[in-house]
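Asker: Right, I'll just put the structure down here and ask away after.
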Amino acid sequence: MAYDERLAGRIRERLADLKRVEEKEMMGGLTFMYNGKMCVGIIKDELMCRIDPALHEEATGRPGCRTMDFTNRPMIGYVLVDETGIKSREDFDYWIGLALDFNKRAKASKKTGKGKPRKR
3 MAYDERLAGR IRERLADLKR VEEKEMMGGL TFMYNGKMCV GIIKDELMCR IDPALHEEAT
63 GRPGCRTMDF TNRPMIGYVL VDETGIKSRE DFDYWIGLAL DFNKRAKASK KTGKGKPRKR
């Protein structure tokens, strides 16, 4: 799978103190599950965040952020943030914090058996 290993390291470092974090290869990249729910990930060289859909429009107005769109189907509540939006530690922490905050209220997806868990 082709995803940014440096970005994966930044995410691992940021989530290191949390329990119940699991990495899965899926969607052509790497996804970090928290409390059994998709939280953040990497698709190629972009940070993917699952955020509160009510904050989606505001979030996509920030530098480097756009709606995640697979097969011409925009996914409200899922955003991709490129390097320009996560260059600084403050910006990176903003996005991870937004995803972690929503994770508390997010519903877990139905289990499909897809995606291969990776040991951390």
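Following the working numbering, the numbering of the sequence shown begins with 3 at its first residue and continues without gaps.
Ideal Cβ placement from N, Cα and C applies to all residues, glycine included.
(1) Which same chain residues end up closer than 8 Å to D71 when comparing Cβ atoms and leaving out the 5 residues on each side of it in sequence?
(2) Which partner residues does E48 have in the DSSP bridge list?
(3) Start and end of the alpha helix (DSSP H) containing L82?
(4) Between which two residues does the alpha helix (DSSP H) harbouring D71 extend?
(5) Taking buried to mean at least 16 other C-beta atoms within 10 Å of its own C-beta, is A56 buried or exposed?
(6) So, is A101 buried or exposed, given that buried needs 16 or more other C-beta atoms within 10 angstroms?
(7) Please report the distance separating the alpha-carbon of Y96 from that of F104.
(8) Pairs of beta-carbons, one from the segment 61 to 69 and one from the segment 39 to 46, closer than 8 Å: are there three or more?
Answerer: With the structure as the only source:
(1) M77
(2) I45
(3) It is not in any alpha helix (DSSP H) - L82 instead sits in the beta strand (DSSP E) that spans R75 to V83.
(4) No alpha helix (DSSP H) holds D71; the beta strand (DSSP E) holding it covers C67 to F72.
(5) exposed
(6) buried
(7) 12 Å
(8) no
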